[in-house]
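J.: Submitted below is the structure of interest, expressed as structure tokens.
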Amino acid sequence: MRRKIVAGNWKMNGSSELVTKLIGGVKSELSAVDKGVEVVIIPPALYLRDVQQEAGDSGLKLGVQNVSQYESGAYTGEISPAMVADVGAEFALIGHSERRALFSETDETIAAKVQCALTHKLTALLCVGETLDERDAGQAETVVCGQVERALAGVSGDSWKQVVIAYEPVWAIGTGKTATADDAQQMHKTIRSLLEKLDAPADTISLLYGGSVKADNAAQMFSQPDIDGGLIGGASLKADDFARIFKAI
Ligand code: 13P
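So that you can map any letter, position 5 of the sequence shown is 1229 in this note's numbering, and since no number is skipped, the others follow by simple counting.
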């Protein structure tokens, strides 16, 4: 059985006030969701504890937007996977396209982050996706498969259980342009076939779609056979919108 996951990536947005308002609103809608669905909040790390406190025993899960590939030590500004696990967060986004493009994260760094996150029993939520130029050049599948293969090269055995992949076409992020459900399904199917070739338990690995997911397109995305949930940016900042999305799964 694959995990059903809807995660809200707040990016660099939020405040103490937003935490109270948003988590209060989200919590009140959780009873409408199937028990098996994991609803995850991924706030700026500074607000993790506040979100956790506000979430109480609601069942909301927590994640971070980035982790270090190092264990501990002289790495000013970094947060280690061990620290993330220590405060009770379970998910680490790794390789988001904004980190690749704006903070020069390479496939090599991303692979090291995945390894470190897995060592500390976090769920590594690996983000992959092509740019518009790459799609227009007919390179989308090659680019995405390359990213998956290089990031997960060191994963084996039971560690696969902690891997989740989010396909987020770069041109669909924050633009209001969503991939069609057919195109998204096609890419998810391609990723699953690649996982099989890599000897991963492909049928058990959850694949999420991200990129302008909204309340009115979520149900169609989530009904695709290879799409197991979503990674939501802008729409996760409003309790009503986010709730309508996670209730659509
Ligand atoms: P939007 O939902 O705002 O397009 O962002 C998607 C995303 O980047 C989630 O990680």
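Just so it is clear, CB atoms sit at the ideal spot from N, CA and C, and this is done for glycine as well.
Please report the distance separating the alpha-carbon of alanine 1336 from that of alanine 1306.
T.: 14 Å
J.: At a cut of 8 Å, does the segment 1300 to 1318 reach the segment 1337 to 1357 through at least three beta carbon pairs?
T.: yes
J.: Suppose the cutoff is 7 Å on Cβ atoms and the five residues either side in sequence are ignored; what does the same chain contact list for aspartate 1274 look like?
T.: Ser1240 and Val1243
J.: Tell me whether threonine 1399, by its Cβ, gets closer than 8 Å to a heavy atom of the ligand 13P.
T.: In this structure, threonine 1399 has its CB closer than 8 Å to one or more heavy atoms of the ligand 13P.
J.: Nearest-angstrom Cα distance between arginine 1185 and glutamine 1409?
T.: Residue 1185 lies beyond the range of the chain shown here (1225 to 1473); nothing can be said about it.
J.: Who pairs with isoleucine 1229 in a beta bridge, going by DSSP?
T.: Glu1262 and Gly1453
J.: In the DSSP assignment, find the beta strand (DSSP E) that holds lysine 1285 and state where it starts and stops.
T.: 1285 to 1288
J.: Quick check: the Cα distance between alanine 1298 and glutamine 1289, rounded to an integer number of angstroms?
T.: Distance between the alpha carbons of alanine 1298 and glutamine 1289: 21 Å.
J.: By DSSP, does phenylalanine 1315 sit in helix, in strand, or in coil?
T.: strand
J.: Assuming glycine 1457 and glycine 1398 are in contact, meaning their beta carbons sit under 8 Å apart, how far apart are those beta carbons, in whole angstroms?
T.: At roughly 6 Å, the Cβ-Cβ gap stays under 8 Å, so glycine 1457 and glycine 1398 are in contact.
J.: Does any heavy atom of the ligand 13P sit closer than 8 Å to the C-beta of valine 1437?
T.: yes
J.: Can you round the beta-carbon distance between leucine 1350 and alanine 1375 to whole angstroms, since I take them to be within the 8 Å contact cut?
T.: 5 Å
J.: Whole angstroms is fine: what's the gap from aspartate 1357's alpha carbon to alanine 1396's?
T.: 13 Å
J.: Report the residue from Leu1431, Glu1373, Val1437 and Gly1378 whose alpha carbon sits nearest the alpha carbon of alanine 1403.
T.: Val1437
J.: By DSSP, does leucine 1254 sit in helix, in strand, or in coil?
T.: helix
J.: Leaving out five residues before and five after isoleucine 1334 in sequence, what residues of the same chain have Cβ atoms less than 7 Å from its Cβ?
T.: Ile1318, Gly1319 and Ala1375
J.: Less than 9 Å between the beta carbons of valine 1388 and leucine 1326, yes or no?
T.: No, the pair does not count as a contact, with Cβ atoms beyond the cut-off.
J.: Rounded to whole angstroms, how far is the Cβ of glutamine 1363 from the Cβ of glutamate 1354, which I believe are closer than 8 Å?
T.: 7 Å
J.: By the DSSP assignment, the beta strand (DSSP E) with serine 1430 in it spans what residues?
T.: 1430 to 1434
J.: Tell me the start and end of each unbroken beta strand (DSSP E) in the segment 1343 to 1419 that is at least 3 residues and wholly inside, in chain order.
T.: 1347 to 1352 and 1387 to 1391
J.: Taking only heavy atoms of the ligand 13P into account, decide whether any of them is closer than 8 Å to the Cβ of glycine 1458.
T.: yes
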